[in-house]
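Peer 1: Questions regarding the structure given below will be posed in turn.
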Amino acid sequence: MKIFLHTLLAVLCLLDPAGVTAEESVSEARLKAGFIANFIQFVRWPRNPVTLVLCGLGTDRSRELREELGGISARYPALVVRWVRALSALDGCHAVFVAAEQGSELPAVLAFTAGRSVLVIADLDGGAPLGAMLSLVSVGGDRLAFDANLTAARAAGLSMNARLLQLARRVY
Amino acid sequence: MYCGIRRVLFLLPILAAPIGHAGAGPDVQGGVPMLEDLLEMRITSAAKRSQPPGEAPSMVSVITAREIRSFGWRTLADALGSMRGLHISYDRSYTYLWVRGFGRPGDFTSRVLLLIDGVPVNDGVYDQAPVGAEFPLDLSLVERIEYVPGAGSVLYGGNALFAVVNVVTTSGARAGKAMQVGAGSGGAGDLSVSAGWRDESGNDALLALSRERRRGRDLYFASYEAPGANAWSRGLDHEANDRLFAQFRRGGLSGSVLLHDRVKGLPGGPFGIDLDDPRNRVRDRRSQGSLRYEHQLSTKAAMRLQGYAMETKYDGDWVYGGIVQPDGMLTRSLGGEASLSTTALPGQTALAGISWREDGVRRQFNPGLDTDTPRTSVGIFAQDDVALGELTTLSAGLRYDRISGGATHTHLSPRLALIVQPRSGTVVKGITGAAFRPPNAFETDYAFAGTNLANPALRSERIHTTELGIEQDLGAATKLAAVLYRNRIDDLISIETDPATGLQQHHNVGRVDAQGLEFETGTRLGEISLRASVAWQRVRHESGAEIANAPRQLVKLLLAAPLAEGLRFGWETYYTGSRKTDSGIVSTTGDDVGGHAVSHATLAGDLGRGVEWRLRLHNVFGRRFGSVAGTEFNANFPGLQVSPMTQVPQDGRSLYGSLRWHF
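If you want it as structure tokens, here you go:
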């Protein structure tokens, strides 16, 4: 049934003229990776790390995103991407990305990183009011935007570039 | 979401393509697209804050860098001329923008407020919005152009009578390191270099230099034909532009410096100068610097501080009877603005601010005149956008201005907009507002023995606008827009020629009514994009006379499509409907000028290694047409060597090619 549904959706996409030439190689993951890479550039840590460690909390469902971020870190020697499955492995991370399928872990991640200068990014609608400093949200079904939680960032000693805040959909 | 994300990505070819492929420019740094490209486009000039165009209290249109590249546009006028309801005229000295059928020949586009990154460009003497080659910024440095039609005085004060045009510059990261050389018909050539970078902390810097030269053709003016008379202007259509732009952004702080030096020959004998004397020329120089600081005070409040300094100089050599008559102006202006925006009240976004501008020098001089009338302008403004339920927003704004220097002018400028989104993909806007423009120093003070008289008694001109607009998405790739508007201008300021003496003077000439209807559609089908618009417009003086150069229709068609791998094609056709010449008196309708269509074609491709080539054929079919001239050509000056000319001939077929390297 699920396969049928996916096939149907794929066919519908093909019927849509705008989708006809969409390249197969590009993906939702690439879009999200673009956001994450930009977020990191627009945030400052109290002591900016020489090598920035970004930790991803996700399962196999984030495989494509993992590849995309891996590609970016290969081009930016100052960015190291680590994928973890357990909260205890978040030690030493400057930024944590909580993937959509791990959204329920966000409160635990926030509790774990409380009091440290760790940028928490969530792929979760409503993540920012929960305490994620930056959170991806889908808007209108076909676009992504992001919310920022300036209060949480300040409490963690992180400063966000004004341009980043300007581009945010909502600032908490 | 399933199709949607693919669709967004498809609309972002920079993601799909490596550098140098299919229109991808220098947008990508290290393979990561700019954050702005990942998000829905936002504008900043309609409400002095970042917002999606659909939420703005104006029927906004935007041109992106991608479109500028697709059509090989080299001047701001090229880009603006593609927008619905706008048309361009060129008297071979300066270029003028007409909004919804309205402008006055020779008005230096003083009724449009032109901004670069939110900082005014209009000078203190002519209020000129320089839109042609006289625009101080190279178009390759432009990220997007926001056209905000309607009464803009509500947030911007004087000059924002018909529209605000905000040119947003690119970032250093996006511009990257690039070099361009170009050459074309009429002995034209250009060379530009830019270097931009962004470090890992987000600090961004850009430095760009460019030089353009054009020898120009010898021009023959058929309207001057007479037995034994010369109708040639030889070696007088030359033009030279040198530009420098530097910019930095660090956190919420940004600053820029802009230098521009332009020299243009004066063909066709404007203002009765010797038609064929190569010494006739004007030189315009501009130096401008600005600083801006934006800071998020709390989760619900943000502030913005902005300051700028500007100096503009104009020096003209006008040859009468073999003798060079100098004419010039100098302006020095300082300006600043502080504003605060807050979302503290539920369902509301409020903005309040104060702005100030000191035109410390507004000097005009020639052998018979040396006048300087400094001017101080202070404005306070507020706007509140209130959500009325889920679907409706009411945007209410008000600004008070006091302008002193010479006479004192005070004005209240309101704007009220109701923005309804009955369902996703549909926006309906009803907008009404008032705006003003105080007379400028050229209009009140300028005099030239034998031709021009000053008029210090001029009053401000005012406009009341009402418009109803709708924007409708048809699927993800097609947009429709329709606008119905009515503009009433009171105390219009216009130059008039006294039929008895031939002397020119600016007068308040009464009321003008303009009505119009505009339709536009934009669609993308794969890599093919199409934009088409139609505008019907009618502009009449209270006497019933039709205003000069107000075409009854404007039809525009733009198509961009890939032809083959690495080869792209752009096509533009612009039809300008029938209009009237300028009779020199507003209450007298001029002669008929028939409609004409002009088409341009652009071909671009990649040579690999970041090298892109572009060929633009201007006026493909070599259509002969003229721009309606103002008093500079149509007045019967005493002692004039040639008869008046009501239309200035425009360029025929011409080719321009360029090569651009991205390092």
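So the sequence lines, in the order shown, correspond to chains A and B. If you count the first sequence from 1, position 92 lands on 320 in the numbering used here, and the numbers rise without skipping. If you count the second sequence from 1, position 89 lands on 1046 in the numbering used here, and the numbers rise without skipping. Don't be surprised by glycine CBs; every beta carbon is placed ideally from N, CA and C. None of these values were measured; they are calculated from a predicted model.
1) Determine whether the Cβ of ALA302(A) lies closer than 7 Å to any Cβ atom of chain B.
2) In the DSSP assignment, find the unbroken beta strand (DSSP E) run with PRO1606(B) in it and report its ends.
3) Under the three-state reduction of DSSP, which class applies to ILE268(A): helix, strand or coil?
4) So that I know if they touch, is there some Cβ in chain B lying closer than 7 Å to that of TYR400(A)?
5) For a test of the three-state rule: what should DSSP assign to PRO1519(B), helix, strand or coil?
6) Answer with yes or no whether the minimum CB distance from SER1007(B) to chain A is below 7 Å.
7) Under the three-state reduction of DSSP, which class applies to LEU1232(B): helix, strand or coil?
8) Given a threshold of 16 other Cβ atoms within 10 Å of its Cβ, counted over all protein chains shown, does GLY1185(B) qualify as buried or as exposed?
9) Is there contact here, the region 1113-1132 of chain B with the region 1064-1080 of chain B, by at least three beta-carbon pairs under 8 Å?
10) Just the C-alpha distance for ARG1031(B) and SER1615(B), rounded to the nearest angstrom, thanks.
11) Out of ASP1341(B), ALA1433(B), LEU1355(B) and GLN1429(B), point me to the one whose CA is closest to ALA1439(B)'s CA.
12) Where does GLY320(A) land, buried or exposed, given buried means 16+ other C-beta within 10 angstroms?
13) Taking the alpha-carbon positions, what's the LEU293(A) to GLN330(A) distance?
14) What residues match up with THR1269(B) in a beta bridge as DSSP calls it?
15) Looking at the secondary structure, which residues open and close the beta strand (DSSP E) in which TYR1357(B) lies?
16) Residues of chain B with CB under 7 Å from THR379(A), in chain order?
17) Mark ILE1420(B) as exposed unless 16 or more other C-beta atoms lie within 10 angstroms of its C-beta, in which case mark it buried.
18) Under 7 Å, Cβ to Cβ, is there at least one residue of chain B near PHE325(A)?
19) Can you list the residues of chain A that GLN1204(B) reaches, using a CB-CB cut of under 7 Å?
20) Quick one: what does DSSP say PHE1178(B) is sitting in, helix, strand or coil?
21) In terms of residues, what are the limits of the alpha helix (DSSP H) holding ALA1398(B)?
22) I want to verify the contact list: residues of chain B whose CB lies under 7 Å from the CB of ALA390(A), in sequence order.
23) Under the rule that 16 or more other beta-carbon atoms within 10 Å means buried, what is PHE1620(B), buried or exposed?
24) Could you tell me whether the region 1466-1480 of chain B touches the region 1604-1615 of chain B, where touching means 3 or more Cβ pairs closer than 8 Å?
25) Count the other CB atoms, across all protein chains shown, that sit within 10 Å of the CB of VAL278(A); report buried if there are 16 or more and exposed otherwise.
26) Note down, one range per segment and in chain order, each beta strand (DSSP E) of at least 3 residues found wholly within the region 1524-1589 of chain B.
27) Pull up the distance between the alpha-carbon of GLU333(A) and that of LYS260(A), whole angstroms please.
28) What do you get for PHE1578(B), buried or exposed, if any count of 16 or more other CB atoms within 10 angstroms of its CB means buried?
29) Output yes if chain A places a C-beta closer than 7 Å to the C-beta of ARG1103(B); else output no.
30) Tell me whether the region 1350-1362 of chain B and the region 1322-1342 of chain B touch, counting them as touching only if at least three CB pairs, one residue from each stretch, are closer than 8 Å.
31) Going by Cα to Cα distance, which pick from ASN1409(B), GLU1418(B) and GLY1042(B) is closest to ASP1284(B)?
32) Count Cβ pairs between the region 1202-1221 of chain B and the region 1245-1255 of chain B that sit closer than 8 Å; are there 3 or more?
33) How do the region 1084-1104 of chain B and the region 1282-1300 of chain B stand: do at least 3 beta-carbon pairs fall below 8 Å, yes or no?
34) State the DSSP-derived secondary structure class of GLU1428(B), mapped to helix, strand or coil.
35) Between ALA1259(B) and SER1298(B), is the Cβ-Cβ spacing less than 7 Å?
36) Buried or exposed for GLU1424(B), please, with buried defined as at least 16 other CB atoms from any protein chain shown within 10 angstroms of its CB.
Peer 2: This is what the structure holds:
1) Residue numbering aside, residue 302(A) sits at position 74 when the first sequence is read from its first letter. No, because no Cβ of chain B sits closer than 7 Å to the Cβ of ALA302(A).
2) Residue numbering aside, residue 1606(B) sits at position 649 when the second sequence is read from its first letter. Unbroken beta strand (DSSP E) run through PRO1606(B): 1604-1606.
3) Along the first sequence, read from residue 1 onward, the residue named residue 268(A) stands at position 40. It is helical.
4) Sequence index remark: in the first sequence, residue 400(A) carries index 172 (1-based). It does; some Cβ of chain B falls within 7 Å.
5) Position 562 of the second sequence, counted from the start, is the residue given in the question as residue 1519(B). In the structure shown, PRO1519(B) sits in a strand (DSSP, three-state: E or B).
6) Translated into positions along the second sequence, residue 1007(B) becomes position 50. Interface residue (Cβ-Cβ distance to chain A less than 7 Å): SER1007(B) is classified as such.
7) Start at 1 with the first residue of the second sequence, and residue 1232(B) comes out as number 275. Note: LEU1232(B) maps to coil in three-state DSSP.
8) Within the second sequence, numbered from 1, the residue matching residue 1185(B) stands at position 228. With fewer than 16 Cβ atoms within 10 Å of its Cβ, GLY1185(B) is classed as exposed.
9) The region 1113-1132 of chain B is in contact with the region 1064-1080 of chain B.
10) Position 74 of the second sequence holds residue 1031(B). Position 658 of the second sequence holds residue 1615(B). Their backbone Cα atoms lie some 11 Å apart in a straight line.
11) Here residue 1439(B) refers to the residue found at position 482 of the second sequence. Of ASP1341(B), ALA1433(B), LEU1355(B) and GLN1429(B), the residue nearest in Cα terms is GLN1429(B).
12) Working through the first sequence from its first residue, we reach residue 320(A) at position 92. It is exposed - the Cβ of GLY320(A) has fewer than 16 other Cβ atoms within 10 Å.
13) On the first sequence, position 65 is the one that residue 293(A) refers to. On the first sequence, position 102 is the one that residue 330(A) refers to. Whole-angstrom Cα-Cα distance: 14 Å.
14) Stepping through the second sequence from its first residue, residue 1269(B) is reached at position 312. Bridge partners of THR1269(B) according to DSSP: ARG1243(B) and THR1288(B).
15) Walking along the second sequence from the start, residue 1357(B) turns up at place 400. First-last of the beta strand (DSSP E) with TYR1357(B): 1349-1361.
16) As a position in the first sequence, residue 379(A) is number 151, starting the count at 1. Scanning chain B for C-beta atoms nearer than 7 Å to the C-beta of THR379(A) yields THR1256, reported in chain order.
17) The sequence position of residue 1420(B) within the second sequence is 463, counting from 1. Counting C-beta atoms within 10 angstroms of its own C-beta, ILE1420(B) has 16 or more neighbours from the protein chains shown and is therefore classed as buried.
18) Residue mapping note: residue 325(A) aligns to position 97 of the first sequence, counting from 1. Taking Cβ atoms only, chain B never reaches closer than 7 Å to PHE325(A), which makes this a no.
19) Looking up residue 1204(B) in the second sequence gives position 247. Those do not exist, as GLN1204(B) stays about 13 Å from chain A at its closest Cβ, beyond 7 Å.
20) Position 221 of the second sequence, counting from 1, holds the residue named residue 1178(B). Coil, per DSSP.
21) Stepping through the second sequence from its first residue, residue 1398(B) is reached at position 441. Residues 1398-1402.
22) Mapped onto the first sequence, residue 390(A) falls at position 162. Taking the beta carbon of ALA390(A) as reference, the chain B residues within 7 Å of it are GLY1208, GLY1209, GLU1251, HIS1252 and GLN1253, listed in sequence order.
23) Here residue 1620(B) refers to the residue found at position 663 when the second sequence is read from its first residue. Counting other Cβ atoms within 10 Å of its Cβ, PHE1620(B) stays below 16 and is therefore classed as exposed.
24) When Cβ pairs closer than 8 Å are counted between the two stretches, the region 1466-1480 of chain B is seen not to touch the region 1604-1615 of chain B, the count staying below three.
25) For the purposes of this step, residue 278(A) is taken as residue 50 along the first sequence, with counting starting at 1. Classification of VAL278(A): exposed, given that the 10 Å Cβ count is below 16.
26) Entirely contained in the region 1524-1589 of chain B, the beta strand (DSSP E) runs reaching 3 residues are, in chain order, 1524-1533, 1553-1565, 1568-1575 and 1583-1585.
27) Locating residue 333(A) in the first sequence gives position 105, where the first residue counts as 1. Locating residue 260(A) in the first sequence gives position 32, where the first residue counts as 1. When rounded, the distance between both Cα atoms is 19 Å.
28) Taking the first residue of the second sequence as position 1, residue 1578(B) is located at position 621. Label assigned to PHE1578(B): exposed.
29) In the second sequence, residue 1103(B) corresponds to position 146, counting from 1. The sequence shown places Glu at residue 1103(B), not Arg. No - not a single Cβ of chain A is within 7 Å of the one on GLU1103(B).
30) They touch, by the three-pair rule.
31) Taking the second sequence and counting its residues from 1, one reaches residue 1284(B) at position 327. That would be ASN1409(B), whose Cα lies nearest to the Cα of ASP1284(B).
32) Taking 8 Å as the limit for Cβ pairs, the verdict is that the region 1245-1255 of chain B does touch the region 1202-1221 of chain B.
33) Short answer: they don't touch.
34) Along the second sequence, one-based indexing puts residue 1428(B) at 471. GLU1428(B) sits in a strand when the DSSP states are folded into three classes.
35) In the second sequence, residue 1259(B) corresponds to position 302, counting from 1. In the second sequence, residue 1298(B) corresponds to position 341, counting from 1. Going by beta carbons, ALA1259(B) and SER1298(B) fall inside the 7 Å limit.
36) Numbered from 1 along the second sequence, position 467 holds the residue referred to as residue 1424(B). Under this definition GLU1424(B) is a buried residue.
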